[in-house]
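Asks: So the sequences go chain by chain: A and U. In terms of the working numbering, the first sequence opens at residue 15 and continues consecutively. In terms of the working numbering, the second sequence opens at residue 12 and continues consecutively. What follows is a structure written as structure tokens; I'll ask about it next.
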Amino acid sequence: MQGMSKKRRIVRVGDISEMIREKEDFIMIELEELSRQVLPCLQCTTCASSCPVFQVDSEKNPRRIIYKLSRNDFSNIFNELSLWWCGGCYSCQEHCPQGVALTGIFFKLKNLAFRSGERVPNLIIRNGGELASGFLIRYNDRIKKIRRELGLPEIMQPSLDEIKKILQKSGFFDLLEISRTLDDE
Amino acid sequence: MMNEKIKRYALFWGCTIQFRLPWIELSARRVLPELGVDIVDLPFSCCPDPVSTKAIDHKTWLALAARNLTIAEEEDLNILTLCSGCFETLRMAQEEMRDKKIKEEINSILKETGREYNGKIEVIHLEQLLYERIGLKKIEDYATRPIKLRVAVHVGCHFTRPSNILKTDDPLYPEKLDELCRAIGLETPDYPDKNLCCGVGVGLVDRDIMSKLIIRKIKGAKMVGADAIVSHCPSCILNYDTGQYILAGSEMERMPVFHYLELLGLAIGIDPDEFAFDEHKIKLPDITF
Chain A
15 MQGMSKKRRI VRVGDISEMI REKEDFIMIE LEELSRQVLP CLQCTTCASS CPVFQVDSEK
75 NPRRIIYKLS RNDFSNIFNE LSLWWCGGCY SCQEHCPQGV ALTGIFFKLK NLAFRSGERV
135 PNLIIRNGGE LASGFLIRYN DRIKKIRREL GLPEIMQPSL DEIKKILQKS GFFDLLEISR
195 TLDDE
Chain U
12 MMNEKIKRYA LFWGCTIQFR LPWIELSARR VLPELGVDIV DLPFSCCPDP VSTKAIDHKT
72 WLALAARNLT IAEEEDLNIL TLCSGCFETL RMAQEEMRDK KIKEEINSIL KETGREYNGK
132 IEVIHLEQLL YERIGLKKIE DYATRPIKLR VAVHVGCHFT RPSNILKTDD PLYPEKLDEL
192 CRAIGLETPD YPDKNLCCGV GVGLVDRDIM SKLIIRKIKG AKMVGADAIV SHCPSCILNY
252 DTGQYILAGS EMERMPVFHY LELLGLAIGI DPDEFAFDEH KIKLPDITF
């Protein structure tokens, strides 16, 4: 469009702190939205008792995250263990008698953790890194040999150029770059 | 034998089947044509997975799923998937992109590749093909060699949940796979922890919890005297078969795991030698017809 010619932007120290503040504001707005989504929660504990992880390890309680959100308490919210121990099985969400979309909320929190550069599990970063190869698993000689022995065709390869363009455009590579792993602690 | 054409489908195998459990791919390539299904292979990428990719960035997850959908759209083929994770990703992406604003946003990313998602095709899971398209009655008729085994049916999480979107079976008490099993002669007792998650998702961060979930599952199946677990989810099958194998030193007796298609294949008369039963880590029981 005319009149929208690119202006070279000189980034000053003040701008950077402004950028950080904008990002923090964005995270805060999203967290406040999640707080609104958990308003119907009555703390009945159905989510916890239906969670497969909680059933074998009571340290990982999904209800705690919902409780904190409901009280607008966002302190260490990204460090809640049950967030990263959530495998996305949707059991809590299906069981919730109040219709709170817990699993969706947990995924949103995980996305926000990545955006904030919070510590996240190593294997999730690793899987993310593999995506650029088209699959989560590398097509190595061992797998090729097994498939050949079974009389199966070669695995069809997707266009890596297209995948990289998508990962670039969506900002995925930038997210991986700022990610820090929980395992470093 | 049964050559009434059901349809041609673009088969979405997914990472787990193609790389980790190619014996499931072998079973599908052998059994599905017998049921009148033509398989077309297309260069799909990872779906991408609904646990880790979705945890990193929702938009990227949607865009890569949309790209896969456009590949089938180009060929004007509906997608058939054997993987519950791929099914969940592709179906959820379709539903989300029914929102025009989201579709436009995703298409603005796809534009970089010259692609555009239109929402023209359908995505179905193997169980839907068998239960809804072919139907129990036909499966029963095809099964001329009913199999005498007592099995613990395991549906897993991602085929039914979130149920408001996937709409496949009851998310808390699924029974269609049980019915499909009974149609080929199998006994399907209810058992403790029947709907318990296999734990593969939490395995990303905690192998110990994953093992505990596997042990609980096997105990429940043993309690009702099951000979084997039957499932159609590759991740669950991988977790139970390989998982039990790795759990060396545990006190439990091991429980073999079948993919439903293997038993269906045997029941409709395919020679056992045409499958790759040796590829299972846990020794399979003898099967009597």
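All C-beta atoms, glycine included, are put in the ideal place defined by N, C-alpha and C. The structure presented is a predicted model; accordingly, all values stated were derived computationally and were not measured.
Looking at C-alpha atoms only, which residue of A:L174, A:W98, A:D71, A:D39 is the closest neighbour of U:V62?
Replies: Taking the second sequence and counting its residues from 1, the one referred to as residue 62 of chain U is at position 51. That would be A:W98, whose Cα lies nearest to the Cα of U:V62.
Asks: For the stretch 95 to 110 of chain A against the stretch 34 to 50 of chain U, do three or more pairs of beta-carbon atoms, one drawn from each stretch, fall closer than 8 Å, so that the two count as touching?
Replies: They do not touch, by the three-pair rule.
Asks: Check the Cβ of U:S242 against every Cβ in chain A and list those closer than 7 Å, keeping chain order.
Replies: Taking the first residue of the second sequence as 1, we reach residue 242 of chain U at position 231. Per Cβ cutoff of 7 Å: no residues; U:S242 is ~15 Å from chain A at best.
Asks: Going along the chain, which residues of its own chain have a beta-carbon closer than 7 Å to the beta-carbon of U:V213, five neighbours each way excluded?
Replies: As a position in the second sequence, residue 213 of chain U is number 202, starting the count at 1. Result list for U:V213: I220, M221, in chain order.
Asks: Could you give the uninterrupted runs of the beta strand (DSSP E) lying entirely in the stretch 67 to 139 of chain U, keeping only those of 3 residues or more?
Replies: If we require 3 residues or more, the beta strand (DSSP E) runs fully inside the stretch 67 to 139 of chain U come out as 89 to 92, 134 to 136.
Asks: Return the CA-CA distance between A:C58 and U:R102, expressed in angstroms with no decimal places.
Replies: Within the first sequence, the letter at position 44 stands for residue 58 of chain A. Within the second sequence, the letter at position 91 stands for residue 102 of chain U. Taking the straight line joining both Cα atoms gives about 31 Å.
Asks: For U:H165, which of helix, strand or coil comes out of DSSP?
Replies: Here the question's residue 165 of chain U lines up with position 154 in the second sequence. Strand.
Asks: For a contact defined as C-beta to C-beta under 7 Å, what are the partners of U:E36 on chain A?
Replies: As a first step, residue 36 of chain U is located in the second sequence; it is residue number 25 there, counting from the start. Correct list: L166.
Asks: On the DSSP letters alone, give me the boundaries of the beta strand (DSSP E) that U:H270 sits inside.
Replies: Against the second sequence, residue 270 of chain U aligns to sequence position 259. 268 to 270 is the span of the beta strand (DSSP E), which, as asked, contains U:H270.
Asks: Find the nearest neighbour of U:E85 within the set U:G125, U:R227, U:F288, U:L215, judged by alpha-carbon distance.
Replies: For this step, residue 85 of chain U is matched to residue 74 along the second sequence. Taking only the C-alpha atoms, the option nearest U:E85 is U:G125.
Asks: Taking C-alpha atoms, which residue in U:Y128, U:P203, U:H165, U:S119 lies nearest to A:K179?
Replies: Position 165 of the first sequence, counting from 1, holds the residue named residue 179 of chain A. Checked all of U:Y128, U:P203, U:H165, U:S119; the closest Cα to A:K179 is U:S119.
Asks: How many whole angstroms separate the CB atoms of U:L22 and U:L91, which I take to be in contact at a CB cut-off of 8 Å?
Replies: Position 11 of the second sequence holds residue 22 of chain U. Position 80 of the second sequence holds residue 91 of chain U. U:L22 to U:L91, Cβ: 6 Å. Contact.
Asks: Please report the distance separating the alpha-carbon of A:I139 from that of U:L191.
Replies: Here residue 139 of chain A corresponds to residue number 125 of the first sequence, with the count starting at 1. Here residue 191 of chain U corresponds to residue number 180 of the second sequence, with the count starting at 1. Using only the alpha carbons, I get a separation of about 39 Å.
Asks: If you run the structure through DSSP and keep just helix, strand and coil, what is U:S242?
Replies: Working through the second sequence from its first residue, we reach residue 242 of chain U at position 231. If DSSP states are grouped into helix, strand and coil, U:S242 belongs with the strands.
Asks: By the three-class DSSP mapping on this structure, what secondary structure does A:T195 have?
Replies: Locating residue 195 of chain A in the first sequence gives position 181, counting from the first residue. Of the three classes helix, strand and coil, the one that applies to A:T195 here is strand, per DSSP.
Asks: Taking CB distances under 8 Å as the criterion, tell me whether A:D71 reaches chain U.
Replies: On the first sequence, residue 71 of chain A is found 57 positions in, with the first residue counted as 1. Yes, its Cβ sits closer than 8 Å to a Cβ of chain U.
Asks: What residue from U:S38, U:K294, U:I298 has the CA that sits closest to A:L166's CA?
Replies: Sequence index remark: in the first sequence, residue 166 of chain A carries index 152 (1-based). Here the closest residue by C-alpha is U:S38.
Asks: Candidates U:E264, U:E285, U:G236, U:K228: which alpha carbon is nearest U:I248's?
Replies: Taking the second sequence and counting its residues from 1, one reaches residue 248 of chain U at position 237. Of the listed residues, the one whose Cα sits closest to U:I248 is U:K228.
Asks: Please work out which residues of its chain come closer than 8 Å, Cβ to Cβ, to A:L53, disregarding the five sequence neighbours upstream and downstream, and give them in chain order.
Replies: Taking the first residue of the first sequence as 1, we reach residue 53 of chain A at position 39. The answer, listed in chain order, is S84.
Asks: Is the stretch 66 to 73 of chain U touching the stretch 185 to 193 of chain A in the sense that three or more CB pairs, one from each, lie closer than 8 Å?
Replies: Cβ pair count under 8 Å is three or more, so yes.
Asks: Under 8 Å, with one C-beta from each stretch per pair, do the stretch 102 to 117 of chain A and the stretch 64 to 83 of chain A reach the 3-pair mark?
Replies: Taking 8 Å as the limit for Cβ pairs, the verdict is that the stretch 64 to 83 of chain A does touch the stretch 102 to 117 of chain A.
Asks: In whole angstroms, give me the CA-to-CA distance for A:L164 and U:D284.
Replies: The sequence position of residue 164 of chain A within the first sequence is 150, counting from 1. The sequence position of residue 284 of chain U within the second sequence is 273, counting from 1. Their backbone Cα atoms lie some 12 Å apart in a straight line.
Asks: Along chain A, which residues have their Cβ under 7 Å away from the Cβ of U:V213?
Replies: Here residue 213 of chain U corresponds to residue number 202 of the second sequence, with the count starting at 1. Those within 7 Å of U:V213 in chain A are V67, W99, G101.
Asks: Would you verify that the beta carbon of A:I192 is, or is not, closer than 8 Å to some beta carbon of chain U?
Replies: Taking the first sequence and counting its residues from 1, one reaches residue 192 of chain A at position 178. So no, A:I192 is outside the interface.
Asks: Using a Cβ cut-off of 7 Å, pull out every chain U residue sitting near A:G148, in sequence order please.
Replies: In the first sequence, the residue the question calls residue 148 of chain A occupies position 134. Per Cβ cutoff of 7 Å: S56, C57.
Asks: Excluding the 5 residues flanking U:E151 on each side, which residues of the same chain have their C-beta closer than 8 Å to its C-beta?
Replies: For the purposes of this step, residue 151 of chain U is identified with residue 140 of the second sequence, where counting begins at 1. Once the five neighbours on either side are set aside, the close Cβ partners of U:E151 are A194, I195.
Asks: Any beta-carbon of chain A closer than 8 Å to the one on U:V166?
Replies: In the second sequence, the residue the question calls residue 166 of chain U occupies position 155. Not one chain A Cβ lies under 8 Å of U:V166.
Asks: Going by the DSSP bridge assignment, what does U:D49 pair with across the sheet?
Replies: Along the second sequence, read from residue 1 onward, the residue named residue 49 of chain U stands at position 38. Beta-bridge pairing links U:D49 to U:R19.
Asks: If we call anything under 8 Å between Cβ atoms a contact, is U:R78 one with A:E144?
Replies: Within the second sequence, the letter at position 67 stands for residue 78 of chain U. Within the first sequence, the letter at position 130 stands for residue 144 of chain A. Not closer than 8 Å, so no.
Asks: Would A:G143 pass as an interface residue toward chain U - the criterion being a Cβ-Cβ separation below 8 Å?
Replies: The sequence position of residue 143 of chain A within the first sequence is 129, counting from 1. By this cut-off, A:G143 is not an interface position.
Asks: What are the boundary residues of the alpha helix (DSSP H) that includes A:F128?
Replies: Looking up residue 128 of chain A in the first sequence gives position 114. Counting along the chain, the alpha helix (DSSP H) containing A:F128 begins and ends at 116 to 130.
Asks: For U:L160, which option in U:E143, U:D189, U:Y153 has the closest C-alpha, if you only look at C-alpha atoms?
Replies: The count along the second sequence starts at 1 and reaches residue 160 of chain U at position 149. Closest option to U:L160, Cα to Cα, is U:D189.
Asks: Which term fits A:E38, buried or exposed, when burial requires 16 or more other beta carbons within 10 angstroms of its beta carbon?
Replies: Looking up residue 38 of chain A in the first sequence gives position 24. Result: exposed.
Asks: What number of angstroms, rounded off, separates the C-alpha of A:A194 from the C-alpha of U:K114?
Replies: In the first sequence, the residue the question calls residue 194 of chain A occupies position 180. In the second sequence, the residue the question calls residue 114 of chain U occupies position 103. Note on identity: in this sequence residue 194 of chain A is Arg, with Ala being the wrong assignment. So the two alpha carbons sit approximately 31 Å from each other.
Asks: Please list the partners that U:E123 has in chain A, where partner means a Cβ-to-Cβ separation under 7 Å.
Replies: Along the second sequence, read from residue 1 onward, the residue named residue 123 of chain U stands at position 112. Within 7 Å Cβ-Cβ: K179, I180, K183.
Asks: My output table needs one value for U:V42: the three-state DSSP class, helix, strand or coil.
Replies: Walking along the second sequence from the start, residue 42 of chain U turns up at place 31. Helix, per DSSP.
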